[in-house]
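Numbering (my numbering), first residue to last: 9 to 753. Backbone N, C-alpha and C fix where the C-beta goes; we use that ideal spot for every residue, glycine too. Since the model is a prediction, treat every value here as computed from it, not as a measurement. First up is the structure itself, then whatever we jot down about it.
Take a look at the structure:
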C-alpha cells in the first residue's frame, strides 16, 4: 500500500490541515525567536542597572573613605595620614570616572553628569583647602579646621543623589526582573500552547489519513507507537503526568518525576487519590476543584519534593466531567534556591543590625565625649580624661573596620603576611598580661600553659598571629561567666627539619555551642543565633577572619570540642620555622583610665534619682557625667539582671535601660520589672537604630526610646520631662500615682 499521500487523494479538510500545520510551526518558531530577543534585551538592561548599582556603591564607599582619611589627617597632622588621604582622593576620582562613563552611556542619567562633576570638584576642592590649611597649622588643628569636620551640605547632597540613584536603579532592576519573569512565563505558555496545537494537528491529520488508508489494526499499532514515544519523553523529564476518573481512582501515572517520590509509577495506578492523601487538604482540594470543572495551578510538596501542578478537567461528549489530568513538574531545585536566597537575606539583615550596634556604641561614646570636651564647663583634667575615652573607642572602631577590610582582602587574595623573626614567649606573656585583667573583671581565671620545649623565637607574622589569638581568647572570655579560660601552647618537632608544629589550644568553661549551630561558626557575618548577638555583641567576622588568617600563616583553625553549658575548645595549628635568635615583640599598652565623679553644673535635674542599666563602662561614665552635671543622682548596673535587683531595692524615678546586655537583655529586664509591679518610667537607651527595634521597644512596654550616639540635650530633656511628673506627683499626695516595688505574691 502506498504510504505517501498524493494531493489529489486528500480531502479538502486534510489538504487544509497539511497547510495549517507548517504555518503553526512557523508561528511557533517566530514567537520563540521574538521571546528570546526580548529576553536578551531585558538581560542587557538588567546588567546595566546592576553595573550602575555596583559603581554607585563603590563611589559612596570611596567618598566615605576620603572623608575618614581627611579627618584622620586633620586630627593628627601626620604625614602618613596625609598620604593616605591623597590616595583615597585619587581612588574617589577614579570611582567617579567609572561612574561617569556608565552614566554617559544611559539616556536617563547623562544630563546630571556635568552637575555631578561640578559638585564633586567643589567638594574635593574644599577638602584640599582644609588639608592645605592644616598643613600650615604646626601646633595642632585650629577651630576652623575642626569646624570643617562638622559637615558639608554639598557633599551630603552628592551622597544623597547616589543613594537615591541606587534606590531608583534597584527598583528598576526589580521591575526588569518581574518583566523577565513574565516574559519567561509567556514564552513557556506560548511555546507549550503552540507545540501542543502543532502536535494535536499533526496527530489529527495523521489519524484521519490513516483511517482513510488503513484498517483499524494498523491504526491501533500506530497509536501504540505514539504512546510509547510519549512515555519515553515523560520518563526522561522531571514531569509526572497522571489522570483520575470522576471517583478519584488513578488511571494513569507516568513520568520520571514519579521516581522522586520513592515509588514506581505503577504503584499509583488503581489507587484512590483521596484515600492516599486524605490528611493533605492542600493536595485534595485542587483535585476536587478540577473534578468540578475548574482549571487551576498549585504548588505542593510530597515526600520532601516540590511540584508545580496544572489540574485540567476531562469532559465527555456531553460536556460533563468524567475525570481529570494533572501535569506535575518537579520544582524542588527552584524552591531550594529561593530558600537559600531568603536565608542569605536574613543573614544580611542580622549582620547589618549587629554592625549598626557594634559601630554606633563606640561612636556614641566618641561623639558624647567630644561634646563634653568642647563644652565650657570641662576642666583641663576632664578634657584629658575625655580624650583618653575618645582615643580608646576610636581604636575600637578602627579595629572593627580593620577586621572588615582584612576579611575583604583575604577573600580577594590580596592580604600579604610577613615572615620575620620574633619572640614567641614574649608574645604569649604579653597576651597573658592583657587578658588577665579582663578575666579578673569578669571574676574568672585566665591561665597560660606553655610547653617547656617551645622555641624561643620563630619566623612568622607576629601581628597576624597575635590577631588570631586575641580573637580566640577574647571570644572565650566574652562567652564565659564563671570558671576559667586557658591558653595551652605546645610544640611538636619535625625530624630532620628546622620547622616545628605549634598547637595553640584555647579552652573555656563558657556557654558552649549547640550542635545545630556548629556548622555555621566559620561562615562570614553569622553567629550561633540571633540571641547571641543581643546578649554578647559582635559582628560574626572574628572566627571566619581568624581561620582565613590561620591558613595564610601555614596552618588552620578547628573547633575541637564543645557542649552547651560546658564550654568549648578551639585549636590553632601552625607550621613555622625556628628563628636563630629571639626578638622581643611586645604590643603597645593601652593606658588605664580612672573614673571621676562628675561636677554638678546646673540644677535642672536636682532631686532626680536615675538607675542606669548599661554594660558599656564608658557609656555609664558618659551618662553619669551628663546627668550629674545637671543635678541628677545616677546609679549604674552592668547587666539586666543586676538592674532588676537594684530597681526593686531602691527608690528611682527613672530607669535608663540598654537593650543588648549580658545575662539578661533590656527587653527581658523591662518585662520582669513590669511583672514585679514597677510602674515608673523605663526608657530604652540603645545603639540599635533600626525603625522596627524602636517600634518593638515601645510596643512591649518601654515608655520612651533614646538612641546612641547620645544627644546630651535630648537626654536631659527626656529625663527632665519624666522626672517633673514624678516629683510634682509626690508634691501632691492626692494625685500621686501608685508605685509598687515589692514582687507580686
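Give every residue of the same chain whose Cβ lies closer than 8 Å to the Cβ of residue i, excluding the five residues on either side of it in the sequence, and list them in chain order.
i: residue 490; result: 451, 452 and 517
i: residue 652; result: 672, 677, 680, 681 and 684
i: residue 54; result: 181, 184, 185 and 188
i: residue 572; result: 519, 520, 521 and 522
i: residue 658; result: 617, 619 and 643
i: residue 595; result: In this predicted model, residue 595 has a pLDDT of only 37, less than 50, meaning its place in the structure is not dependable; the value taken from the coordinates is given anyway. Around residue 595: 438, 442 and 474.
How big is the Cα-Cα spacing for residue i and residue j?
i: residue 624; j: residue 674; result: 13 Å
i: residue 456; j: residue 650; result: 31 Å
i: residue 644; j: residue 663; result: 10 Å
i: residue 348; j: residue 40; result: 31 Å
i: residue 331; j: residue 706; result: 57 Å
i: residue 704; j: residue 711; result: 12 Å
i: residue 612; j: residue 107; result: 53 Å
i: residue 513; j: residue 561; result: 16 Å
i: residue 599; j: residue 736; result: Caution is warranted here: a pLDDT of 33 is assigned to residue 599, below 50, making its placement in the model unreliable, and no coordinate value can be reported.
i: residue 91; j: residue 395; result: 25 Å
i: residue 506; j: residue 495; result: 25 Å
i: residue 174; j: residue 58; result: 9 Å
i: residue 734; j: residue 661; result: 7 Å
i: residue 441; j: residue 617; result: 39 Å
i: residue 579; j: residue 376; result: 40 Å
i: residue 719; j: residue 390; result: 19 Å
Could you have a look at residue i and say whether DSSP puts it in helix, strand or coil?
i: residue 640; result: coil
i: residue 341; result: helix
i: residue 279; result: coil
i: residue 467; result: strand
i: residue 106; result: helix
i: residue 579; result: strand
i: residue 440; result: helix
i: residue 260; result: strand
i: residue 330; result: strand
i: residue 185; result: helix
i: residue 513; result: strand
i: residue 456; result: strand
i: residue 717; result: coil
i: residue 563; result: strand
i: residue 59; result: helix
i: residue 308; result: strand
i: residue 493; result: strand
i: residue 500; result: strand
i: residue 300; result: coil
i: residue 724; result: helix
Candidates the options: which alpha carbon is nearest residue i's?
i: residue 691; options: 672, 730 and 657; result: 730
i: residue 468; options: 508, 458, 440 and 500; result: 508
i: residue 71; options: 61, 99 and 91; result: 99
i: residue 426; options: 335, 584 and 495; result: 584
i: residue 50; options: 190, 67, 88 and 143; result: 190
i: residue 478; options: 429, 351, 423 and 557; result: 557
i: residue 447; options: 459, 670, 485 and 250; result: 485
i: residue 385; options: 374, 693, 633 and 397; result: 633
i: residue 555; options: 524, 519 and 480; result: 480
i: residue 459; options: 432, 167, 136 and 695; result: 432
i: residue 405; options: 428, 374, 321 and 389; result: 374
i: residue 297; options: 278, 668, 261 and 252; result: 252
i: residue 403; options: 369, 391 and 389; result: 369
i: residue 627; options: 329, 372, 339 and 144; result: 372
i: residue 397; options: 382, 378 and 408; result: 378
i: residue 300; options: 339, 254, 109 and 340; result: 254
i: residue 466; options: 488, 472, 564 and 430; result: 430
i: residue 256; options: 322, 305 and 197; result: 322
i: residue 563; options: 483, 472 and 722; result: 472
i: residue 412; options: 428, 551, 715 and 208; result: 551
Identify, in the order they occur along the chain, each residue of the same chain with its Cβ nearer than 6 Å to the Cβ of residue i, setting aside the five sequence neighbours on each side.
i: residue 93; result: 77, 78 and 81
i: residue 577; result: 515, 568 and 569
i: residue 669; result: 623, 647 and 648
Within the same chain, show all residues whose beta-carbon is closer than 7 Å to that of residue i, passing over the 5 residues directly before and after it, in chain order.
i: residue 205; result: 32
i: residue 178; result: 61
i: residue 380; result: 386, 394 and 633
i: residue 164; result: none
Any Cβ of chain D within less than 7 Å of the Cβ of residue i?
i: residue 144; result: This model lacks chain D altogether, as it is built from one protein chain only.
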